[in-house]
Amino acid sequence: SVHVKKRADYQPPAFLISTVNLTVNLHPTATRVVSVLTINRQGDHNKPLVLDGDKLTLKSLLLNKNDFSDFTLSDEGLTINTDEDTFELEIHTEIDPKNNKALEGLYLSGGAYCTQCEAEGFRRITYFMDRPDILAVYTVTVVGDTDLPMLLSNGNPVDKGQIDDGKHFVTWHDPHPKPSYLFALVAGDFDLLSDTYTTMSGKEVALELYVDKGKKAQGHFALASLKRAMKWDEDVFGLEYDLDIYMIVAVDFFNMGAMENKGLNVFNSKFVLAEQASATDDDFFNVESVIAHEYFHNWTGNRVTCRDWFQLSLKEGLTVFRDQQFSADMTSPLSNRIKHVRVMREHQFAEDASAMSHPIRPDEVIEMNNFYTVTVYDKGAEVIRMFHTLLGPEGFRRGMDEYIKRHDGQAVTCDDFVAAMQSATEIDLSHFALWYSQSGTPEISLSHQFNAQTGKHNFTLSQTTPATADQATKQPLYIPVAIEIIDEDGNQYVDEQGLINNGLIILDTPSLSFSVSATTEKLTPVLLGNFSAPVKVDNPLETDGLLTIFTHGKDPFNRWDAMQTLYSRCISALYDDVTAPIEASLWTDLESAIKSEQGNLELLGECLVIPTFETLCQTRKDIDVARLVAARNQFCLLFAQQLSKVLNHIFLHIDTGDYAYNQSAVIARRCKNVILAHLARLPEFEHVVVSQFDNADNMTDSLGALKAAQYTRVFETLMARFETQWCHDALVLDKWFALHATQPKDDILATITMLSEHPQFSLGNPNRVRSLVGSFAFYNSEKFHALDGSGYKFVTDYLLKLDGINPQVAARIVTPLTQWQGFNADHQQLMKAQLARLLNHKGLSKDLFEKVSKSLAYD
Ligand code: ARG
Ligand code: ZN
2 SVHVKKRADY QPPAFLISTV NLTVNLHPTA TRVVSVLTIN RQGDHNKPLV LDGDKLTLKS
62 LLLNKNDFSD FTLSDEGLTI NTDEDTFELE IHTEIDPKNN KALEGLYLSG GAYCTQCEAE
122 GFRRITYFMD RPDILAVYTV TVVGDTDLPM LLSNGNPVDK GQIDDGKHFV TWHDPHPKPS
182 YLFALVAGDF DLLSDTYTTM SGKEVALELY VDKGKKAQGH FALASLKRAM KWDEDVFGLE
242 YDLDIYMIVA VDFFNMGAME NKGLNVFNSK FVLAEQASAT DDDFFNVESV IAHEYFHNWT
302 GNRVTCRDWF QLSLKEGLTV FRDQQFSADM TSPLSNRIKH VRVMREHQFA EDASAMSHPI
362 RPDEVIEMNN FYTVTVYDKG AEVIRMFHTL LGPEGFRRGM DEYIKRHDGQ AVTCDDFVAA
422 MQSATEIDLS HFALWYSQSG TPEISLSHQF NAQTGKHNFT LSQTTPATAD QATKQPLYIP
482 VAIEIIDEDG NQYVDEQGLI NNGLIILDTP SLSFSVSATT EKLTPVLLGN FSAPVKVDNP
542 LETDGLLTIF THGKDPFNRW DAMQTLYSRC ISALYDDVTA PIEASLWTDL ESAIKSEQGN
602 LELLGECLVI PTFETLCQTR KDIDVARLVA ARNQFCLLFA QQLSKVLNHI FLHIDTGDYA
662 YNQSAVIARR CKNVILAHLA RLPEFEHVVV SQFDNADNMT DSLGALKAAQ YTRVFETLMA
722 RFETQWCHDA LVLDKWFALH ATQPKDDILA TITMLSEHPQ FSLGNPNRVR SLVGSFAFYN
782 SEKFHALDGS GYKFVTDYLL KLDGINPQVA ARIVTPLTQW QGFNADHQQL MKAQLARLLN
842 HKGLSKDLFE KVSKSLAYD
């Protein structure tokens, strides 16, 4: 039976658990868990105690140390009938980590035991009130064979010793009360990197990073990143680490990126390991960002946690915002902002347009794991960023201080966060708070009339939010819109009404009007600087207006965005008629635009990126995939042909110097590789691709060459050489799998089937599955959407197999199939047919059921 949980149904817990004493006796298929709980009835009632449990074998139960039998057991848990108000419960269970392929609860990753408890995995370890508002102090004894030398859990080690039969134990105590989802246990044989960090109040913290044997050299960057994150949180938010030891363990089998368990983070090794030869600049960036994200959770998530899972964005939106600010400080604000906006436009807008549309604080959930979404995380971070914009850095900091002061040690709600922010500002945030409950992507548009008689430009800025799958009617939101008004020479104008304050206008009604006096007829409004709100913009500008923004706009994000709009318009025109001529002046304009930015490789590199197919999908309806792909390819080809001279000139003059991972080198490599991908579309540049591949001394350039080679005849040859070189390194091969899977070639399905037999491939490893099958479904648009239905069917067949093993990963990969709304009827019909196959499958997981059934019900 499928149970829908509703936010409105929240009830405070009937009991509290104040202490947890766990003993975990590790065994691959029969791990014994003894849990001793101190429990207190809350208030005056005689309800039974209901504990969650999933895939557990109950061995015995004691209440106040006596055998106890007045309980009922179900698939979902254990109900204890007692009238005691304060009691001790001792529960003995047995679990099977080896056969836990869903990677939730306790499982084996390679030879190491590890746990993943968020959101509801602790119930797969022992019976418990597995909800985030039960905060308890944990003492954990891990017992294991001596061939597992490292036995870890949360907090500080307080005892250890040998047990007679070749076993040993370590006892850990975590003094900070925490919810069960932050529990962690790791046992294995790792290489250890150690360091220390002295906090701002002078406390020395031991830092320990555990990686697979032999991978020590790949761990230094992560450890250095951790120290930078610890320092940054002190400097920017005054937040200091609170235990004597901080541990990070990298494992190969992991459903998500990483997990912020108190004092013992568990990471997907992809977000820990990084060195020059095998990691790209993006990998280094992601390692630093995820390390920081999990560290920042120590305050925003752990010390102040969520009352219930509907409040997930309370910790995730806030922590993503914090890691974004950190990364911007460590690298550069512009390229970071562009990254965020790409995620919003490619993925979050698509989610909001689909049956899975939900507010950043969802109202209804079947499987919580389905709500670790781009909406909760990334749109959630955009909402936090708007607080930051409205309150300013000092106001935001005051609000954060107040939030921590009020709620340290508590499990709270998004409303509590808003209230803390409210205490730090005169602005009334009650209307703004609608961002928490209203889903969908608002669209703002600007109309512009010039009255030559009066010399007045009249502007009307309006907003509308289209209905979404979950909400039929929408209200106007409170939207901070950054705006500049410039003329052809870049002079700035202000409005006569004074609605624009410091470049910001608040759009909090369906529309508002303002006027500007100017002698020139040509005024260009520049909207949504720095992407000041997560909305779509319709600013009806011609090419010359877009080029004015590129040339004279103050905000670099707007300058980049103007070019994106320009490209997107051209591709649209080609979509309507693929033989439509593009005005020759466009190429000369682009050439001078490119030349003018030669000294700014960061902006230039980003401006040379053509919007992806996925981004273009969000700009139109009723899409014929083959046609959109052809239009985009045609534009890219023309772009390369028309601009090859200037691009090649810049390419040859970019000096990337000796390899280093630092900002200027990253920018130079990025720009070079973006240009190489353009040039590679022209046969005469094939040798440049090969030569970069041959001479690269770092993964960024190797992979840049391989990606560019996709458009050349040498692709297969270079891929084969790459495989020979990297066959021992699964994380590197993930890149190789993904490159294969995104090839738009006719026999791609046969290739993927063949690759799934590769010695390094494993259906049980989420990274491998995402690289091969996920990349195909998400990014091989042409073949995934083939009109014979073969791509949809292939992914569906695969999901049917995967769902029985790892439903969480299956439910991620099904996403592109559920997002049929943007495509034309032919595509839609084929996609829905495969969704129906999934829905009819006996024993479908609730993860897939939730997404598939919603998708089919939406029209
Ligand atoms: N809290 C983790 C993070 O944001 C993500 C854990 C998600 N786990 C899951 N099973 N959905 O870093
Ligand atoms: Zn997080």
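In UniProt numbering, the protein residues as written are 2 to 860.
The beta-carbon is built from N, C-alpha and C at its ideal position, and this holds for glycine as well.
None of these values were measured; they are calculated from a predicted model.
Open item on the list: Taking 9 Å as the threshold (C-beta atoms), are D146 and L27 in contact?
Closed with: Result yes, Cβ atoms of L27 and D146 sit closer than 9 Å.
Open item on the list: Which of the three DSSP states is assigned to G145 in this structure?
Closed with: strand
Task: beta-carbon Y11 near the ligand ZN non-hydrogen atom, thresh 8 Å - done: no
Open item on the list: Can you tell me whether T374 sits near the ligand ZN, meaning its C-beta is under 8 Å from at least one heavy atom of the ligand?
Closed with: Using a cutoff of 8 Å, the CB of T374 does not count as near the ligand ZN, since none of the ligand's heavy atoms is closer than that.
Open item on the list: If I measure Cβ to Cβ from E592 and keep anything under 7 Å in the same chain, skipping five residues before and after, which residues do I get?
Closed with: L644, V647
Open item on the list: For F723 and P684, what's the separation of their Cα atoms in angstroms?
Closed with: Answer to the nearest angstrom: the Cα atoms are 22 Å apart.
Open item on the list: Checking 9 Å against the spacing of the C-beta atoms, do I246 and P158 come in under that value?
Closed with: The criterion of a C-beta distance shorter than 9 Å is satisfied by I246 and P158.
- [ ] Can you have a look at V252 and say buried or exposed, based on whether 16 or more other CB atoms are within 10 angstroms of its CB?
- [x] buried
Task: V25 beta carbon less than 9 Å from that of V34 - done: yes
- [ ] Measure how close the beta-carbons of D309 and Q349 come, nearest whole angstrom, since I'm counting them as under 8 Å.
- [x] Rounded, the Cβ-Cβ distance is 23 Å, inconsistent with contact.
- [ ] Output yes or no for whether 9 Å exceeds the beta carbon distance between L604 and R633.
- [x] no
Open item on the list: Is V267 a contact residue of the ligand ZN, with contact defined as CB to any heavy atom under 8 Å?
Closed with: no
- [ ] Pick out whichever of P133, F327, W436 has its Cα sitting closest to the Cα of G302.
- [x] P133
TODO: Output the distance between the C-alpha atoms of G658 and E851, rounded to the nearest integer angstrom.
DONE: 51 Å
Open item on the list: Please tell me whether T80 and L50 are closer than 9 Å, where the distance is taken between their beta carbons.
Closed with: yes
Open item on the list: Does the beta-carbon of G410, which I'm using as the reference point, lie nearer than 8 Å to any heavy atom of the ligand ZN?
Closed with: The answer is no for G410.
Open item on the list: Quick check on DSSP: helix, strand or coil for V237?
Closed with: Three-state DSSP puts V237 in a helix.
Open item on the list: Looking at M357: is its Cβ nearer than 9 Å to the Cβ of T819?
Closed with: yes
Open item on the list: Below 8 Å on the Cβ atoms is my contact criterion, and I expect L478 with Q423 to pass it. Report the Cβ-Cβ distance as a whole number of Å.
Closed with: Not confirmed; about 17 Å, so no contact.
TODO: Give the straight-line distance between the Cα atoms of V770 and L788, rounded to the nearest whole angstrom.
DONE: 24 Å
TODO: Between the Cα of F238 and those of N101, Y404, M700, spot the shortest distance and give me the residue it belongs to.
DONE: The shortest C-alpha separation from F238 is found at Y404.
TODO: Indicate, with yes or no, if the ligand ZN has a heavy atom lying under 8 Å from the CB of E289.
DONE: no
Open item on the list: Rounded to the nearest angstrom, what separates L227 and E289 at their Cα positions?
Closed with: CA-to-CA, the gap between L227 and E289 works out to about 7 Å.
Open item on the list: Using a Cβ-Cβ cutoff of less than 6 Å, which residues in the same chain neighbour R42 once the five nearest sequence positions on both sides are dropped?
Closed with: F16, D86
Open item on the list: What does the Cβ neighbour count give for residue 1, buried or exposed, with the cut at 16 atoms within 10 Å?
Closed with: No answer is possible for residue 1: it lies beyond the span of the chain, which begins at 2 and ends at 860.
TODO: Report buried or exposed for D702, applying the criterion of at least 16 other Cβ atoms within 10 angstroms of its Cβ.
DONE: It is buried - the Cβ of D702 has at least 16 other Cβ atoms within 10 Å.
Task: Residue interval of the beta strand (DSSP E) (run including N649) - done: Counting along the chain, N649 falls outside any beta strand (DSSP E), though it belongs to the alpha helix (DSSP H) covering 626 to 654.
Task: Check whether P443 and T466 have beta carbons under 9 Å apart - done: yes
TODO: Leaving aside the five residues before and after L513 along the sequence, list all residues of the same chain whose C-beta is less than 6 Å from its C-beta, in chain order.
DONE: L462
Open item on the list: Less than 9 Å between the beta carbons of M369 and E77, yes or no?
Closed with: no
TODO: Give the DSSP-derived three-state secondary structure of Y494 in the structure shown.
DONE: In the three-state DSSP reduction, Y494 falls in the coil class, being neither helix nor strand.
- [ ] Taking 8 Å as the threshold, find out whether the stretch 530 to 541 comes into contact with the stretch 380 to 388 through three or more Cβ pairs.
- [x] The stretch 530 to 541 makes contact with the stretch 380 to 388: 3 or more CB pairs, one atom from each, lie closer than 8 Å.
Open item on the list: Less than 8 Å between C-beta atoms, sequence neighbours within five positions excluded: which residues of the same chain meet that for K214?
Closed with: D190, F191, D192
TODO: Between the Cα of E235 and those of H221, K204, V675, spot the shortest distance and give me the residue it belongs to.
DONE: K204
Open item on the list: Could you check whether the Cβ of Y568 sits closer than 8 Å to any heavy atom belonging to the ligand ARG?
Closed with: no
Open item on the list: What does the alpha-carbon distance come out to for the pair residue 1 and D282?
Closed with: The structure shown does not extend to residue 1, since the chain is modelled only from 2 to 860, so the question has no answer here.
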